[in-house]
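For reference, the structure discussed in these notes is given below.
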């Protein structure tokens, strides 16, 4: 189930230059951004921004969506993103 503010018919994701660089440096594919927005847990990140990360339940739902391919993407379970109020992705990170 998608988070209520993110539906499959939304416009393409906007990334800041910083987020685009971090996405490439950290080898986190953009479909993981979609997964985090759709199935991740939202937390307040301050200054109107929100962070999204997978909980056990959120990852399980995303893995169901991915199907048998999910086993190849297990490493992304610890990724998270920070999103501005306007929906622009500010950065992409790994949980420690």
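In the UniProt record's numbering, the protein residues as written are 1 to 96.
All C-beta atoms, glycine included, are put in the ideal place defined by N, C-alpha and C.
Measuring CB to CB, does residue i end up less than 9 Å from residue j?
| i | j | result |
| --- | --- | --- |
| residue 22 | residue 91 | yes |
| residue 33 | residue 81 | yes |
| residue 53 | residue 43 | yes |
Look up residue i in the DSSP assignment and say whether it is helix, strand or coil.
| i | result |
| --- | --- |
| residue 19 | helix |
| residue 46 | strand |
| residue 79 | strand |
| residue 86 | coil |
Find the nearest neighbour of residue i within the set the options, judged by alpha-carbon distance.
| i | options | result |
| --- | --- | --- |
| residue 95 | 69, 55, 60 and 72 | 55 |
Apart from the five residues on each side of it in sequence, which residues of its chain come closer than 7 Å, Cβ to Cβ, to residue i?
| i | result |
| --- | --- |
| residue 70 | 63 |
Keeping to the same chain, check which residues put their C-beta closer than 6 Å to that of residue i; ignore five residues upstream and five downstream.
| i | result |
| --- | --- |
| residue 85 | 48 |
| residue 45 | 51 and 82 |
| residue 15 | 89 |
For the region 23-32 against the region 71-81, are there 3 or more C-beta pairs whose distance is under 8 Å?
The region 23-32 is in contact with the region 71-81.
At least three beta-carbon pairs within less than 8 Å, the region 31-44 to the region 53-67
Segments in contact, yes.
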